[in-house]
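The working numbering applies: residue 1 is where the sequence shown begins, and numbers increase by one. C-beta atoms are modelled at their ideal positions from N, C-alpha and C, and glycine is treated no differently. Values in this document were obtained by computation on a predicted structure and should not be read as measured data. The next block holds one structure in the form of structure tokens; read it before the comments.
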Amino acid sequence: MGRLFGTDGVRGSANKDLTPELVFSLGKSASLVIAQRHGKGKAKAVVGRDPRASGEMLEAALIAGLATVGVDVLKVGILPTPAIAYLTQYYGADLGIVLSASHNVFSDNGVKFFSKDGKKLPNDVEDEIEKNLETKVPHPTGSEVGRVKDMADAYEAYLAHLLETVKIGSLKGLKIAVDCANGAASEAAPDLYSRAGAEVIAIHNTPNGININDNCGSTHLESLIETVKKNNCDLGIAHDGDADRCLAIDAQGNVIDGDHILALLAHDFKQTGKLTSDTVVSTVMANLGFKIAMKTAAINVIETAVGDRYVLEAMEAKNYVLGGEQSGHIIMRNHSTTGDGLLTALHLMNAVATTQKSLQELAGIVNKFPQVLINIPDVDKTKIGNTQLVEAVKKAENSLGDKGRVLLRSSGTEALIRVMVEAETMKQAQDVAESLASVVKKTC
1 MGRLFGTDGV RGSANKDLTP ELVFSLGKSA SLVIAQRHGK GKAKAVVGRD PRASGEMLEA
61 ALIAGLATVG VDVLKVGILP TPAIAYLTQY YGADLGIVLS ASHNVFSDNG VKFFSKDGKK
121 LPNDVEDEIE KNLETKVPHP TGSEVGRVKD MADAYEAYLA HLLETVKIGS LKGLKIAVDC
181 ANGAASEAAP DLYSRAGAEV IAIHNTPNGI NINDNCGSTH LESLIETVKK NNCDLGIAHD
241 GDADRCLAID AQGNVIDGDH ILALLAHDFK QTGKLTSDTV VSTVMANLGF KIAMKTAAIN
301 VIETAVGDRY VLEAMEAKNY VLGGEQSGHI IMRNHSTTGD GLLTALHLMN AVATTQKSLQ
361 ELAGIVNKFP QVLINIPDVD KTKIGNTQLV EAVKKAENSL GDKGRVLLRS SGTEALIRVM
421 VEAETMKQAQ DVAESLASVV KKTC
């Protein structure tokens with residue numbers, strides 16, 4: 001059996017892979033591990049979820065697992081994943097747990113843990129939780145059992161925190177559309193942007209448990225583009241099911257992805273004196289156009305492996321305040337410990353409002369290079385450094401010069417190698433990528 005924890009907690013088909021029994025055991029085991037670090041007194045855990053159908057069932061199992069070993073539970077209800085990270089710190093809890101499968105289909109669910117400082121748990125702590133799943137321990141009785149408290153102020157506390165990061169009424173004059181993906185931000189996102197001063201048209205904001213991410217949100221932008229154009233909006237914002245990221249649409253219907261957003265925010269942060277060491281952190285998947293834009297703006301780029309965990313680690317190492325991924329996961333360390341789609345959107349729109357420039361103009365600092373990504377399955381990942389493939393990559397890089405790039409990566413979870421090529425034209429990128437993919441198939 002492989003490792004239970006993936007890059008974003010534990011995920012699976014609800015009531016099949018991710019059963020109430022497993023979630024109960026995860027809650028219980030996490031309690032044991034955290035309690036050992038807590039010291040005296042009862043530990044506290046914040047629990048939240050997204051609105052998918054299995055949420056209530058798994059929430060009950062999780063809370064039971066926590067309370068069984070004497071952990072008090074602060075139940076915050078349906079809120080974006082980053083809200084749980086923030087509220088864990090706000091309430092002084094020892095652990096934060098969210099039930100969500102992010103952008104996955106409604107029948108999936110997941111369990112994601114945050115430490116007391118609102119960060120993803122380190123791998124070694126996750127391993128300890130997994131190791132203790134079958135551990136039998138005495139159950140406390142009487143007043144020592146865990147208690148459950150509904151936190152009525154959680155929603156307002158989270159929104160107040162976000163609003164404090166911008167000036168009151170900063171979005172006044174903006175007309176925006178927001179696609180809530182029928183997810184965790186269905187109430188919070190329109191409310192937040194409206195309170196910040198924007199005129200808001202919300203779509204896909206009526207979750208029923210089974211329509212989360214269903215042809216909507218950041219993975220299906222068609223209806224948001226249509227809404228922006230039809231209503232002459234200044235821009236559109238798209239969240240995923242748990243709202244830890246966002247993408248945007250400009251008034252012309254163009255997609256503004258994480259590279260554009262990160263570049264735009266880096267430029268804005270530099271102009272306002274908030275960009276530590278004039279440096280932004282991105283991943284190896286950031287488009288070459290992003291890097292060129294940052295060089296033009298005299299902003300340094302630190303590259304990490306793919307994953308917001310690695311982005312945050314690099315940011316913390318040198319006290320950088322801004323980092324993110326092409327997918328729209330943006331971390332603003334001066335305001336949050338994790339990617340927060342609502343916070344990102346708020347500051348994106350704030351830049352539009354304060355500069356009085358269109359989103360198209362602000363995002364235009366990035367001229368994206370055509371990109372082709374080919375996944376080659378059923379290969380031996382350990383052979384990715386073979387001589388023939390290394391030579392083929394060098395030849396491809398020489399042919400592209402400084403007007404393109406090549407990236408080969410082995411998957412962390414599957415038996416496949418990814419070939420990514422960027423070039424001046426889509427045809428050139430496609431030709432180079434297919435040529436390299438052919439070498440991978442022959443030599444790996």
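N- and C-terminal bounds of the alpha helix (DSSP H) containing residue i
| i | result |
| --- | --- |
| V352 | 341-355 |
| V439 | 426-443 |
| V406 | Looking at the DSSP string, V406 is not in any alpha helix (DSSP H); the run it does join, the beta strand (DSSP E), is 405-410. |
| G258 | 258-271 |
| I451 | Within the shown structure, residues of the chain are numbered from 1 to 444, placing residue 451 beyond reach of any answer. |
Own chain residues within Cβ distance below 7 Å of residue i, not counting five before or after
| i | result |
| --- | --- |
| G177 | Checking the sequence, you will find Ala at residue 177 rather than Gly. Contacts found: I201, I203, L224, T227, V228, N231, C233, G236. |
| S25 | G65, L133 |
| D380 | C444 |
| Q445 | Coverage of the chain is limited to positions 1 through 444, which leaves residue 445 absent and any answer about it impossible. |
| D257 | L247, Q326, G328 |
| L363 | In the sequence as presented, Leu is not what sits at residue 363; that position holds Ala. Taken in chain order, the residues that qualify are D250, I256, H260, L264. |
| C216 | D179, A181, N182, H204, S223 |
Residues near residue i by beta carbon distance below 8 Å, same chain, minus five either side
| i | result |
| --- | --- |
| M1 | Here the model assigns M1 a pLDDT of 49, short of 50, so the residue's position is not dependable, and the following value carries that caveat. Cβ within range, chain order: n/a, list empty. |
| M294 | A263, A266, V280, N300, V301 |
| L408 | I384, L389, V393, I417, R418, V419, M420, L436, V440 |
| A188 | L79, P80, A83, Y155, Y158, L159, A243, L342 |
| M285 | V306, E325, Q326, L407, M420 |
| T296 | I365 |
| D191 | L159 |
| Y193 | L171, I176, V178, V200, I237, A345, L346, M349 |
Within-7 Å CB hit, residue i to chain B
| i | result |
| --- | --- |
| E414 | Here chain B cannot be found, since the structure has a single protein chain. |
Exposed unless 16 or more other CB atoms sit within 10 angstroms - verdict on residue i
| i | result |
| --- | --- |
| M426 | exposed |
| T449 | Look at the range of the chain in this structure, 1 to 444, and you will see that residue 449 is not part of it. |
| R508 | In the structure as shown, the chain starts at 1 and stops at 444, and residue 508 therefore has no counterpart that could be examined. |
| G401 | exposed |
| N334 | exposed |
| E59 | buried |
| N319 | exposed |
| I168 | exposed |
| A429 | buried |
| E144 | exposed |
| T283 | buried |
| E126 | buried |
| G173 | exposed |
| N213 | buried |
| N375 | exposed |
Residues sharing a beta bridge with residue i, DSSP
| i | result |
| --- | --- |
| M332 | L322 |
| D150 | K75 |
| K112 | V98 |
| G9 | G6 |
| V200 | I176 |
| K120 | F114 |
| N398 | Looking at the DSSP assignment, N398 forms no beta bridge with any residue, so it has no partner. |
| H239 | C246 |
| I302 | V281 |
| L18 | A14 |
Contact set for residue i: own chain, Cβ-Cβ below 6 Å, skip 5 residues either direction
| i | result |
| --- | --- |
| A345 | I237, C246 |
| K119 | T337 |
| S31 | L66, V69, V71 |
| N350 | V166, S170 |
| K175 | E199, C233, D234 |
| G323 | V281, V311, M315, I331 |
| V98 | G48, T81, I84, K112 |
Element boundaries [beta strand (DSSP E), containing residue i]
| i | result |
| --- | --- |
| I384 | It is not in any beta strand (DSSP E) - I384 carries neither H nor E in the DSSP assignment. |
| G65 | Unbroken run through G65 is the alpha helix (DSSP H), 55-68; no beta strand (DSSP E). |
| M420 | 416-422 |
| T283 | 279-283 |
| K44 | 44-49 |
| P377 | 371-377 |
Nearest residue (CA-CA) to residue i, options the options
| i | options | result |
| --- | --- | --- |
| T443 | I330, A243, T382 | T382 |
| Q326 | E434, D259, I374, T135 | D259 |
| A185 | G77, G27, G6 | G77 |
| L359 | S102, A248, Y310 | A248 |
| N109 | A101, K368, R195 | A101 |
| D124 | T354, D340, L4 | L4 |
| A43 | D50, L58, D179, G27 | G27 |
| V10 | Y91, A93, N104 | N104 |
| Q89 | D117, S411, E313 | D117 |
| I210 | P138, S194, I97, R52 | R52 |
| N367 | Y86, A396, K291, S411 | K291 |
| Q371 | L87, G289, T355, L163 | G289 |
| V432 | L162, S399, Y86 | S399 |
| L221 | R195, P207, N254, A196 | N254 |
| F269 | A196, A317, D240, T354 | T354 |
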